[in-house]
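S.K.: Let me begin by handing over the structure; questions about it come next.
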Amino acid sequence: MYKYETSVSHSTAFNSSESALPYNFLSSLSPVLPSSACEKAAGSSMWIYVFLGNMLRGIGETPIMPLGVSYLDDFSREENTPFYLACIHTVGILGPMFGFMLGSLLAKIYVDIGFVDLVTITINHKDSRWVGAWWLGFIVTGTVILLSSIPFWFLPKSLPKQGQEESQSKSTELATVAEQENFLQEENQDEEKEKPVTFQELAKDFVPSLRRLFRNSIFTLMILTYLVAVNGFIGMITFKPKYMEQIYGQSASKAIFLIGILNLPAVALGIITGGFVLKRFKLGVIGAARVSITASVGSFCLLAVQGFIHCDNAEVGGITISYQGAPQVSYNPQTLLSECNMGCSCSMKHWDPVCAYNGMTYASPCLAGCQTSTGTGREMVFHNCTCVGEMMTPGINSSAVLGQCPRKSDCDRIFKFYMALSVVGSFISACGGTPGYIVLLRSIQPDLKALALGMQTLIVRTLGGIPPPIYFGALIDRTCLKWGTKQCGGRGACRLYDANAFRYSKTRHFPEYPTC
């Protein structure tokens, strides 16, 4: 069961009458589990099943792109290949689009739904401590993947190349019966002479073929370029919801939904537009390279502009603003203490935010100096908060409610402008995707095509897909202002980031879509 951190006991067993808060006891008491329970939680092996499941999924889906693209390119007209590739990549974007929409829905569902009484849960989906029902996504998508794999069994081993069917039929009509018989006899003799290729022969040819492949300077340069672009794209797609949550105050579910409903359709439209441009103007390798470079430069310029569009830091007392209302950004937890809460013996590790009527968020009711409370569960209200009273005239409401305060009204307007630029940047960047892929295909020999696409998939997915979340996550963690606390007392997830530092780390490294 998931246990989120809290500084007070939000019990639903009491009535809503006003009661005193014994903060000297509750806040100093860390909700640390016994050592045996901690060892059990730390030694959980459930992640192994997730790891094995993803590994099997990767093994199954890896051959689709290199072998499928090679299969398509071998049996289609050269001028039609860009359009067909654009269609494949566009349909491939629909999967992430529906995945993001499904993720947005599941992010609003509590992770332990069906196993806990939701009435006892005192946080909502807008809280940074909330964890959605991520495991339901594996059940839904796993079923869809299983069903979608069935049609692959009915694909023919080979197809006649487009444009050759008519010529073959005409030549067949003009050929004499004797010529046909001779042709069939020769073909049968050739088939008898052919022997199946052994594994040893394949292994013997692998190293020379690999050497020929990487001696191709264009192929090597394209792989390096695509690797850098995919690194940034994976970092963006991984941390963009968190970026929108921290910089613009959006909930995680809304951020995921907007990416799925706005950015990904723009990417799909950009991919098919790039393929249509190549087909319409019959551009060769040089023309495709120019389109790809132009799209990359244009998307980079829009990404740089996004770095200047932001909202101010969330106003959290003792972290981004002083208890007297002066702006300050502090990485030192000691600034959470002030004269107004000095006598409460508050823990500085907890993150149980409350929103006061002065518009400021406090890290916990104790750090807000609250003395009494009314209500239960999510409806709990804290009263007589001494730190709230410091910024307000006497007699004004000094109460606070659970949760962080919403951002200022102008932040919504700024966020809309940011999303507009993000969508346009996604479209322009994706316009270079298909041209870049065509440059890659046309730069390699036909007999090395399947090997080249396989190596490209292997290199990009391993070096471009695995490391970025690790080192980008480490870079972003350096901008954390308030860390959460695990049940066993260790450092948990980051609850609040420095918006300006986070913005700089994101803008400098993340493209909207990878282009070759």
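Take the sequence shown: its position 143, counted from the start at 1, is 142 in numbering that gives the first Met the number 0, and no numbers get skipped. Idealized CB from N, CA, C, for every residue including glycine.
At what residues does the alpha helix (DSSP H) containing Ser69 begin and finish?
M.R.: Where Ser69 is concerned, the enclosing alpha helix (DSSP H) stretches over Ile63 to Asp73.
S.K.: Taking the alpha carbon of Ser208 as the reference point, which residue from Ala451, Ile292, Leu480 and Gly472 has its own alpha carbon closest?
M.R.: Of the candidates Ala451, Ile292, Leu480 and Gly472, the one whose C-alpha sits nearest the C-alpha of Ser208 is Ala451.
S.K.: Under 8 Å Cβ to Cβ from Gln333, same chain only, skipping five residues before and after it: list those, please.
M.R.: If we look at Gln333 and ignore the five residues flanking it on each side, its Cβ neighbours are Met347.
S.K.: Would DSSP call His309 helix, strand or coil?
M.R.: In the structure shown, His309 sits in coil (DSSP, three-state: anything other than H, G, I, E or B).
S.K.: Nearest by alpha-carbon distance to Gly259: which of Pro364, Leu93 and Arg128 is it?
M.R.: The shortest C-alpha separation from Gly259 is found at Leu93.
S.K.: Any contact between the region 277-284 and the region 91-109? By contact I mean 3 or more CB pairs, one from each, below 8 Å.
M.R.: They do not touch, by the three-pair rule.
S.K.: Beta strand (DSSP E) containing Cys354: first to last residue?
M.R.: Its beta strand (DSSP E) spans residues Val353 to Ala355.
S.K.: Give the single residue among Gly431, Val459, Glu77 and Ala492 whose Cα lies nearest to the Cα of Val266.
M.R.: It is Gly431.
S.K.: Span of the beta strand (DSSP E) holding Phe280?
M.R.: No beta strand (DSSP E) contains Phe280, which is instead part of the alpha helix (DSSP H) from Leu263 to Phe280.
S.K.: Would you list, in sequence order, the uninterrupted beta strand (DSSP E) runs of no fewer than 3 residues that lie entirely inside the region 446-507?
M.R.: Taking only runs of at least 3 residues, the beta strand (DSSP E) segments lying wholly in the region 446-507 are 479-484 and 490-496.
S.K.: I'd like the span of the alpha helix (DSSP H) that includes His88, first residue to last.
M.R.: Per DSSP, His88 belongs to the alpha helix (DSSP H) from Thr80 to Ala106.
S.K.: Helix, strand or coil, according to DSSP, for Gly516 in the structure here?
M.R.: Outside the modelled stretch of the chain, which goes from 0 to 515, sits residue 516, for which no answer is possible.
S.K.: Ile144 by DSSP, collapsed to three states: which one?
M.R.: Helix, per DSSP.
S.K.: Suppose the cutoff is 8 Å on Cβ atoms and the five residues either side in sequence are ignored; what does the same chain contact list for Ile437 look like?
M.R.: Around Ile437: Thr80, Pro81, Leu84, Leu277, Val284 and Ala287.
S.K.: May I have the straight-line CA-CA distance separating Gly435 from Ser291, to the nearest angstrom?
M.R.: If you take the alpha carbons of Gly435 and Ser291, they lie about 6 Å apart.
S.K.: Which whole-angstrom value describes the C-beta separation of Ile271 and Thr89, a residue pair presumed to lie in contact below a C-beta threshold of 8 Å?
M.R.: Their Cβ separation, rounded to whole angstroms, is 5 Å, which keeps Ile271 and Thr89 in contact under 8 Å.
S.K.: Would you call the region 242-259 and the region 448-464 touching, i.e. three or more CB-CB distances under 8 Å?
M.R.: Taking 8 Å as the limit for Cβ pairs, the verdict is that the region 448-464 does not touch the region 242-259.
S.K.: Tell me the rounded alpha-carbon separation between Gly316 and Trp350.
M.R.: Near 12 Å, if we compare the C-alpha coordinates of Trp350 and Gly316.
S.K.: Just verifying my parser: in three-state terms, what is the DSSP assignment at Thr385?
M.R.: Reduced to three states, the DSSP call for Thr385 is helix.
S.K.: Select from Cys310, Gly91, Ser397 and Arg441 the residue whose C-alpha is nearest the C-alpha of Cys339.
M.R.: Looking at the Cα atoms, Ser397 is the closest of the given residues.
S.K.: On the CB-based measure, 16 or more other CB atoms within 10 Å of its CB, does Arg490 come out buried or exposed?
M.R.: With fewer than 16 Cβ atoms within 10 Å of its Cβ, Arg490 is classed as exposed.
S.K.: Which residues share a DSSP beta bridge with Thr360?
M.R.: DSSP output for Thr360 lists Val315 and Cys354 as bridge partner(s).
S.K.: From what residue to what residue does the beta strand (DSSP E) around Ala251 run?
M.R.: No beta strand (DSSP E) holds Ala251; the alpha helix (DSSP H) holding it covers Ala251 to Leu257.
S.K.: Taking DSSP's pairing of strands, which residues face Gly131 in a bridge?
M.R.: Partner(s): Tyr109.
S.K.: Whole angstroms is fine: what's the gap from Val115's alpha carbon to Tyr1's?
M.R.: Roughly 10 Å between the two C-alpha positions.
S.K.: Which of helix, strand or coil does DSSP assign to Ala399?
M.R.: The answer is strand: DSSP assigns Ala399 an E or B state.
S.K.: Go ahead and pull the three-state DSSP assignment for Ile320.
M.R.: Residue state, collapsed to three classes: strand.
S.K.: Using three-state DSSP, classify Pro326 as helix, strand or coil.
M.R.: It is a strand residue.
S.K.: What's the C-alpha gap between Ala362 and Pro352?
M.R.: Looking at the two C-alpha atoms, the distance is approximately 4 Å.
S.K.: Name, in chain order, the residues that DSSP records as bridge partners for Val118.
M.R.: Paired residue(s): none; Val118 is not in a bridge.
S.K.: Just to confirm the assignment, what range does the alpha helix (DSSP H) spanning Asp411 have?
M.R.: Unbroken alpha helix (DSSP H) run through Asp411: Ser408 to Cys430.
S.K.: Less than 8 Å between the CB atoms is what I'm expecting for Pro525 and Ile233, so what's the real figure, rounded?
M.R.: Since the first and last residues shown for the chain are 0 and 515, residue 525 lies out of range.
S.K.: Quick one: residues in its chain with C-beta nearer than 8 Å to the C-beta of Ser69, no 5 flanking neighbours on either side, listed in chain order?
M.R.: If we look at Ser69 and ignore the five residues flanking it on each side, its Cβ neighbours are Lys448, Ala449 and Leu452.
S.K.: Considering Cα atoms alone, identify which of Cys369, Arg377, Leu440 and Gly98 is closest to Ile138.
M.R.: Among Cys369, Arg377, Leu440 and Gly98, the Cα nearest to that of Ile138 belongs to Gly98.
S.K.: DSSP three-state label for Leu173, please.
M.R.: Reliability of the predicted coordinates at Leu173 is poor, the pLDDT of 47 falling under 50, and no value is obtained from them.
S.K.: Taking DSSP's pairing of strands, which residues face Thr433 in a bridge?
M.R.: DSSP lists no partner for Thr433.
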